[in-house]
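There are 2 protein chains.
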Amino acid sequence: MLHYQEPLDLAFQALADPTRRGMVDRLSEGPASVSELARPFDMSLSAVVQHLAVLEASGLVRSEKVGRVRTCRIEPQALTLAERWLGERRASWERRFDRLGDFLAEDSTTSQRKKP
Amino acid sequence: MLHYQEPLDLAFQALADPTRRGMVDRLSEGPASVSELARPFDMSLSAVVQHLAVLEASGLVRSEKVGRVRTCRIEPQALTLAERWLGERRASWERRFDRLGDFLAEDSTTSQRKKP
DNA sequence: CTGATAGTGAAGCATTCACTTAAGTATCAA
DNA sequence: TTGATACTTAAGTGAATGCTTCACTATCAG
């Protein structure tokens with residue numbers, strides 16, 4: 000079962016890991032090098048680089064190397080994409096919730112209404 | 000490496016799968032039974048039930064059984080939690096970005112002057 | 001040059017994930 | 001009661017995930 004991974008899959012998957020959320024959190028305050036990103040975490044640099052690869056694949060982070068230092072920064076569009084998806088579903092639910100009063104007042108079983 | 004799974008881990012993990020997002024999408028339109036949730040997907044009912052378990056564990060969905068039918072509905076608080084996390088990071092980045100704009104507006108060492 | 005710094009790449013390993021099939025258990029309708 | 005419906009539970013499988021270690025390549029400072 001090979002699937003093309005949609006942006007939302009990749010973004011949510013990337014955000015599901017606390018280390019990666021920590022990295023995004025750090026980057027939301029401004030750019031950072033790989034070792035700088037790695038510092039707070041109790042794991043090998045290699046592991047952090049692998050997390051970074053996941054973040055880059057998801058589009059949440061981009062980076063560029065100058066000399067021997069790779070500088071990472073957040074890519075807010077991908078963040079917004081996920082945020083919007085959530086917002087839309089919540090809005091849909093709220094719309095329905097608002098109409099609930101009408102349904103209750105009318106007391107009808109969906110489509111079983113007019114049958115004389 | 001045993002960890003307590005934080006709500007955000009569970010929520011983002013749950014949302015990382017397109018089937019589960021499909022289910023949340025459906026539920027944002029209103030409650031549904033398990034088989035109703037399963038109908039659009041080309042997989043066994045068992046698989047759908049397992050996806051549902053992930054959604055329930057994450058707090059995104061709750062369900063209750065009446066007779067032989069389990070009715071599922073969305074739990075918007077968990078949705079809001081994830082949405083807020085994203086919003087906060089984006090806000091943090093935007094704040095920084097605004098300050099950067101101010102800085103660049105005054106800075107001329109790294110960019111060329113406009114030709115007269 | 002020499003050595004330290006910053007990162008890269010590959011292999012290996014335990015665990016988790018997303019399914020499957022198969023065999024249940026209640027519940028409702030006739 | 002009989003049979004269909006609506007799940008439920010358990011076991012198994014292959015692929016993906018989150019690490020590790022070790023070996024390696026650039027880059028910069030003195």
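Top to bottom, those sequences are chains H and Z.
According to numbering that gives the first Met the number 0, the stretch in the first sequence is residues 0 to 115, in order.
According to numbering that gives the first Met the number 0, the stretch in the second sequence is residues 0 to 115, in order.
All C-beta atoms, glycine included, are put in the ideal place defined by N, C-alpha and C.
For clarity, every value in this text was computed on a predicted model and none was experimentally measured.
Check the Cβ of residue i against every Cβ in chain H and list those closer than 8 Å, keeping chain order.
i	result
Z/E35	Here the premise fails: no neighbours, minimum Cβ distance about 13 Å.
Z/V23	R88
Between which residues of its own chain and residue i is the CB-CB distance below 8 Å, once the five residues before and five after are set aside?
i	result
Z/E63	R69, T70
Z/A81	L7, A10, F11, L14
Z/R61	E55, C71, R72, E74
Check whether the Cβ of residue i lies closer than 8 Å to any Cβ atom in chain Z.
i	result
H/E82	yes
H/Q12	yes
H/P39	no
H/R20	yes
H/S45	no
H/E63	no
H/L1	Because H/L1 carries a pLDDT of 43, less than 50, the predicted location of this residue cannot be relied on, and the following value inherits that uncertainty. Answer no: the Cβ-Cβ gap between H/L1 and chain Z never drops below 8 Å.
Measuring only the C-alpha atoms, how far is residue i from residue j?
i	j	result
H/R38	H/V47	9 Å
Z/T18	Z/R95	36 Å
Z/L59	H/G86	14 Å
H/L36	Z/L36	41 Å
Z/F40	H/S91	21 Å
H/R88	H/R72	29 Å
Z/L78	Z/D24	12 Å
H/S57	H/E74	10 Å
Z/Q76	H/P30	32 Å
Z/L116	Z/S32	The question about residue 116 of chain Z has no answer here: the residues shown for chain Z are numbered 0 through 115.
Z/A52	Z/E28	20 Å
Z/L26	H/E93	12 Å
H/S34	Z/D16	31 Å
Z/G66	Z/D97	57 Å
Z/M42	H/M42	38 Å
List, in order along the chain, the chain Z residues whose C-beta lies closer than 7 Å to that of residue i?
i	result
H/L85	L78, A81, E82
Distance cutoff 8 Å, beta carbons only. Does residue i sit that close to anything in chain H?
i	result
Z/A15	yes
Z/V60	no
Z/L7	yes
What residues from chain Z crowd round residue i, counting only those whose CB sits closer than 9 Å?
i	result
H/P75	R88, R89, W92, E93, F96
For a contact meaning CB atoms closer than 8 Å, what does residue i contact in chain Z?
i	result
H/E55	Neighbours of H/E55 on chain Z: none; closest Cβ ~17 Å, over 8 Å.
H/G66	Correct list: empty, because the minimum Cβ distance to chain Z is about 17 Å.
Since residue i meets chain H, which of its residues come closer than 7 Å, beta carbon to beta carbon?
i	result
Z/S32	Going along chain H, no residue has its Cβ under 7 Å from Z/S32, so there is no contact; the nearest lies around 14 Å.
So, for residue i: in the same chain, excluding its five sequence neighbours on each side, which residues have a beta-carbon less than 6 Å away from its beta-carbon?
i	result
Z/H50	T18, R19
Z/M22	L36
Z/Q111	Any answer about Z/Q111 is weak, because its pLDDT of 40 lies below 50 and its placement is not dependable; what the coordinates show is given next. Excluding sequence neighbours, Z/Q111 sits near nothing in its chain.
Looking only at its own chain, which residues have a Cβ that is under 7 Å from the Cβ of residue i, when we skip the five neighbours before and after it?
i	result
Z/E5	none
Z/W84	L7
Quick check on the DSSP output: what are the complete beta strand (DSSP E) runs of length 3 or more inside the stretch 9–71 of chain Z, in order along the chain? 60–65
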